[in-house]
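If you count the sequence shown from 1, position 50 lands on 71 in our numbering, and the numbers rise without skipping. Backbone N, C-alpha and C fix where the C-beta goes; we use that ideal spot for every residue, glycine too.
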Amino acid sequence: MLKFISDNPEIITHSSTKDNERALWKELVTKLNDLKPEKSIDNWKNFWQRWQASVSSKPESILTPLDCKLKVFIAKIMNNSETIEREDSRARYTIKEIEDTIRDIEKERSKQQLQIDENDYKIEIYKINIKRLENENTEKRKRIQQINDKKRHLHKQRRIITGRVENVYESSKFNTLKKEIKKEPLV
22 MLKFISDNPE IITHSSTKDN ERALWKELVT KLNDLKPEKS IDNWKNFWQR WQASVSSKPE
82 SILTPLDCKL KVFIAKIMNN SETIEREDSR ARYTIKEIED TIRDIEKERS KQQLQIDEND
142 YKIEIYKINI KRLENENTEK RKRIQQINDK KRHLHKQRRI ITGRVENVYE SSKFNTLKKE
202 IKKEPLV
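Shown next as structure tokens:
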């Protein structure tokens with residue numbers, strides 16, 4: 022199908038005439054009928070399912086230009102007077118099914134793109150929160166370091182003061198002993 026469209030680019034241009042489109046449509050139906058010994062609508066369905074699988078497997082959220090051209094071509098086919106006048110409701114149903122599927126694919130891709138955008142936004146929020154928490158964590162570490170420094174300084178001063186008190190106590194004890202020694206008579 023895509024090869025047929027690429028071989029006949031006039032079917033997807035705005036300059037094509039109804040007669041041109043009718044002739045190309047007949048050629049396309051003939052090619053589709055020659056593919057398998059089934060009806061052309063079944064070949065369309067097979068082609069459509071393969072195309073839909075390839076479009077669904079694409080990660081992009083926008084239809085490719087070729088997909089859009091195919092959609093326009095299908096719309097032209099649907100508006101073709103021969104297609105409208107045809108009694109075969111199965112053909113109309115298949116074309117309608119194809120258009121509905123294209124619409125569903127576009128909606129699904131739009132939803133996926135919105136989900137991707139929403140997830141990107143959430144990721145940015147999480148990055149900002151992580152950075153804020155890291156900054157808070159750094160500030161708290163600095164505060165803990167300052168408190169530990171003060172604690173060490175206070176312990177050091179306590180040792181110094183305790184040492185002085187002990188020295189004073191010992192020196193007062195020594196002075197008391199000296200006095201006692203002086204008071205006692207030597208034998």
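Euclidean distance between Cα positions of residue i and residue j
i	j	result
THR197	ASP170	40 angstroms
GLN166	GLU127	58 angstroms
ILE144	ARG153	14 angstroms
ILE181	ASN150	46 angstroms
GLU118	ARG124	10 angstroms
ARG162	LYS172	15 angstroms
LYS177	ILE168	14 angstroms
GLN209	LYS47	Past the boundaries of the shown model lies residue 209; the chain is included only from 22 to 208, so the question cannot be answered.
LYS148	ASN156	12 angstroms
ALA44	ILE116	19 angstroms
SER131	ASP121	15 angstroms
ASP141	GLU129	18 angstroms
ASP138	ILE146	12 angstroms
ILE105	GLN134	Residue confidence is low: ILE105 scores 47 on pLDDT, short of 50, so the model does not pin down where it sits. Its coordinate-derived value is still stated next. When rounded, the distance between both Cα atoms is 36 angstroms.
LEU175	ARG164	16 angstroms
THR159	ARG179	30 angstroms
ASP40	THR51	17 angstroms
Distance cut-off 8 angstroms: residue i Cβ against heavy atoms of the ligand SAM
i	result
ASN140	Looking at this structure, you won't find the ligand SAM or any other ligand, since it has none at all.
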